[in-house]
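Step one of this worksheet: look at the structure below.
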Amino acid sequence: MARVSGERAPAFTAEELEKLIDGVLPQYMLLYGPPDKQVNAHQKKHIWRAIAKDVRTLGVYHRRSTHCRKRWEYIRRWNKKMAEAQLGMASQRGRGARRTMTPLMFRILAVAYPEMDGCLRASQQPQGGEYTLILLI
Numbered sequence: 001m002a003r004v005s006g007e008r009a010p011a012f013t014a015e016e017l018e019k020l021i022d023g024v025l026p027q028y029m030l031l032y033g034p035p036d037k038q039v040n041a042h043q044k045k046h047i048w049r050a051i052a053k054d055v056r057t058l059g060v061y062h063r064r065s066t067h068c069r070k071r072w073e074y075i076r077r078w079n080k081k082m083a084e085a086q087l088g089m090a091s092q093r094g095r096g097a098r099r100t101m102t103p104l105m106f107r108i109l110a111v112a113y114p115e116m117d118g119c120l121r122a123s124q125q126p127q128g129g130e131y132t133l134i135l136l137i
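Residue 33 in full-length UniProt numbering sits at position 33 of the sequence shown, with consecutive numbering throughout.
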């Protein structure tokens, strides 16, 4: 599906997000781990290309590796902010009502921020439910 220059790409679908997350989590330490476990930039580029290729298999849109990497970084930051709000570590700027952490959010936190995941699991157990709407916000 080609797009005209200047036209925005469509939002990631729930299936694309699941495929993206399922592709990144097993490779997380190679991409973002401690320096002794990370790979060089060339190898990271190949990992992101493979993840993008998996996302493209859904046939929704031709996602490039940069689209996937940026979307993952947004998801990671957003999940961290949600976890901080749940733990009461967020700044007091009146962000509205707290949302329940979902099983997928716990999965992301367990890999990306293990120190937060342990604190959250002690204070709140995941209760199931739909997570795709939360990630699309």
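Yeah, the Cβ is synthetic: ideal placement off N, Cα and C, and Gly gets one too.
Item	Value
Thinking C-beta only, is S65 closer than 8 Å to A52?	yes
From this set, H67, L109 and G59, which residue's C-alpha is nearest A83's C-alpha?	L109
If Q38 sits next to L30, beta carbons under 8 Å apart, how far is it from one beta carbon to the other, in whole angstroms?	6 Å
So, using beta-carbon positions, are residue 139 and P10 closer together than 8 Å?	Because residue 139 is not part of the residues shown, which for the chain are 1 to 137, the question remains open.
Let me know the secondary structure DSSP gives A14 once reduced to three states.	helix
Going by C-alpha to C-alpha distance, which of L17, N79, K44 and E18 sits closest to Q27?	K44
Reducing DSSP to helix, strand and coil, say where L30 ends up.	helix
List, from N- to C-terminal side, the alpha helix (DSSP H) runs of 4 residues or more that fit wholly inside the region 51-110.	65-87
Would you kindly work out how many angstroms separate the C-alpha atoms of G6 and C68, rounded to a whole number?	19 Å
D36 by DSSP, collapsed to three states: which one?	coil
CA-CA distance, A90 and N79?	Reliability of the predicted coordinates at A90 is poor, the pLDDT of 46 falling under 50, and the value obtained from them is presented with this limitation in mind. Cα to Cα, A90 sits roughly 12 Å from N79.
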